[in-house]
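The next block holds one structure in the form of structure tokens; read it before the comments.
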Amino acid sequence: MLEKNSNNFLKNKGILYIGILLIALGLTLFFLFHKPLPKYYEKKDFALGTWVRVVVASEKIDSEKLADIAFDEMKRIERKFSKNIETSVISKLNKDRSIIADKETLFLIKAAINFADLTGSAFDPTVGELVKLWGFDDMNSEKRVPSPDEIKAALPGVSYKFIKIDGNRISLLNDKTMIDLGGIAKGYAVDMAIHKIKDLDPNATGFIDAGGDIGIIGPKFGRFAWTIGIRDPDKGPYDIKEKVYLKEGAIVTSGNYERFFIKDGVRYHHLIDPKTGYPANYYKSVTIISDTAMKADAMATAIFILGDKLIGLDSMTRYGIQVYGITSDNKIIKTTGFDYYLKEEK
Ligand code: ADP
Ligand code: MG
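What follows is the structure, given as structure tokens:
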């Protein structure tokens with residue numbers, strides 16, 4: 075009896091020693107190989123006509139420097155493609171009617187034409203004159219409801235078919251045609267800024283939020299999805315209707331609350347139907363998830379404009395996009411695949 079007890083005692087002591095040894099080994103390994111979680115640096119600045127937030131972390135390069143590089147790139151693109159900056163390529167094209175373009179300009183104009191073609195002109199980069207009539211061309215322009223005659227006069231110039239590309243020459247074939255890349259340039263700028271960051275550190279993580287155009291640099295702490303809120307269009311900017319979880323790619327929302335005015339109780343906003351010349355009213359907002367912010371940007375505008383004219387939303391997934399729309403009568407219309415992004419990873 076006594077012998078058995080002392081045996082047990084020795085055995086327990088042995089287990090205790092092994093336990094302590096394992097804990098010590100574990101702690102040593104932990105301190106040797108454990109990396110602290112990356113610290114996110116955040117920079118907010120005004121660019122592309124909106125407030126832009128860059129949140130970035132890198133183990134290789136100073137995150138502050140990466141954020142500066144991202145902003146430099148976005149501002150470069152704004153200077154080059156804004157129709158409101160006199161020295162931009164787009165101002166030159168609208169003024170001279172025909173220009174010799176560089177590779178990047180050709181790429182962006184061709185991309186815009188491609189989205190116009192794809193969406194039956196719901197997205198159309200030639201809406202410039204219409205956007206100007208409504209006063210949405212510039213923050214300081216007077217917002218007003220144009221007369222039916224003014225709209226009638228501008229409509230014949232609105233069609234991407236009036237953009238002719240011949241080698242590296244871009245020409246506008248109709249005297250009334252005005253190019254406005256406002257529906258695509260912000261997404262392109264976000265993509266390019268992310269490329270700049272990734273060129274310097276492919277493992278950098280974070281995101282860029284350019285007033286509703288969001289591109290993911292990399293998952294949070296290299297592993298987790300970022301949580302992005304889809305805004306409730308009837309409430310303030312911080313009232314969230316739905317949460318989206320995204321590790322890569324881009325998410326862009328076009329909403330009737332971004333730029334608008336109210337006249338005689340009617341809300342008029344900046345997403346203009348190129349066929350009618352008036353703001354489209356089927357949706358309050360359309361959110362698109364895609365691999366690039368440029369595609370998501372153009373398609374959010376297009377689907378917003380198409381409204382109920384788009385039959386079979388799920389067919390849109392063949393373009394590599396997922397859609398979530400809130401209609402004017404508060405119905406949620408979404409592609410089946412969008413649900414995947416509404417579930418938090420457990
Ligand atoms: P925001 O710039 O507010 O995020 P969008 O990305 O949807 O919104 O782009 C809206 C801008 O696109 C407008 O300000 C205008 O310059 C331009 N735009 C308006 N209607 C159209 C359209 N049907 N097709 C292409 N661009 C458009
Ligand atoms: Mg857009």
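In the numbering used here, the protein residues as written are 75 to 420.
C-beta: ideal position from N, C-alpha, C; glycine also.
From a predicted model like this one, the values you see are computed outputs, not experimental measurements.
| query | result |
| --- | --- |
| Would you mind listing the alpha helix (DSSP H) stretches within the segment 326-390 that are 4+ residues and don't spill past its ends, in chain order? | 367-380 |
| Reducing DSSP to helix, strand and coil, say where VAL163 ends up. | helix |
| To the nearest angstrom, how far is the alpha carbon of VAL318 from that of THR361? | 10 angstroms |
| Tell me ILE304's beta-bridge partners as DSSP assigns them. | GLU316 |
| Using 7 angstroms as the cut-off, classify the Cβ of ALA196 as near or not near the heavy atoms of the ligand ADP, replying yes or no. | yes |
| Please name the residue, chosen from TRP208, ALA324 and ALA228, that lies closest to GLY394 on a Cα-to-Cα basis. | ALA324 |
| At a cut-off of 7 angstroms, is GLY303 close to the ligand ADP when judged by its beta-carbon and the heavy atoms of the ligand? | no |
| Please classify ILE151: does DSSP put it in a helix, a strand, or coil? | helix |
| Counting along the chain, where does the beta strand (DSSP E) carrying ILE407 start and finish? | 406-408 |
| Should HIS46 be labelled buried (16 or more other beta-carbon atoms within 10 Å of its own) or exposed? | An answer regarding residue 46 cannot be provided, because it is not within the stretch 75 to 420 covered by the chain. |
| Please state if the CB of ILE237 and the CB of ILE183 are separated by a distance shorter than 8 angstroms. | yes |
| Determine, using beta-carbon pairs with one atom in the segment 262-280 and one in the segment 210-229, whether at least three such pairs fall under 8 angstroms. | no |
| Which one or two residues does DSSP pair with VAL116 in a beta bridge? | The sequence shown places Glu at residue 116, not Val. Paired residue(s): VAL129. |
| Evaluate ASP240 with the Cβ neighbour count: other Cβ atoms within 10 Å of its Cβ, from every protein chain shown; 16 or more gives buried, anything less gives exposed. | exposed |
| May I have the straight-line CA-CA distance separating THR179 from PHE120, to the nearest angstrom? | 23 angstroms |
| If we call anything under 8 angstroms between Cβ atoms a contact, is GLY256 one with VAL326? | no |
| Within a Cβ cutoff of 8 angstroms, which residues of the same chain sit near ASP382, ignoring the five residues on either side of it in sequence? | TYR356 |
| Three or more beta-carbon pairs under 8 angstroms between the segment 181-198 and the segment 364-373, yes or no? | yes |
| Would DSSP call SER137 helix, strand or coil? | helix |
| Is any non-hydrogen atom of the ligand ADP found closer than 7 angstroms to the C-beta of LEU345, if you look at the structure I gave you? | yes |
| With H, G and I counted as helix, E and B as strand and the rest as coil, what does DSSP make of ALA185? | helix |
| In its own chain, which residues sit with a C-beta less than 7 angstroms from the C-beta of ASN242, not counting the 5 before and 5 after it? | ILE174, ALA175 and LEU180 |
| Would DSSP call MET75 helix, strand or coil? | The predicted model places MET75 with a pLDDT of 48, which falls under 50 and marks its position as unreliable, so this point remains unresolved. |
| May I ask whether a heavy atom of the ligand ADP can be found less than 7 angstroms away from the beta carbon of PRO150? | As written in the sequence, residue 150 is Arg, which differs from the Pro given in the question. Every heavy atom of the ligand ADP is 7 angstroms or more from the Cβ of ARG150, so no. |
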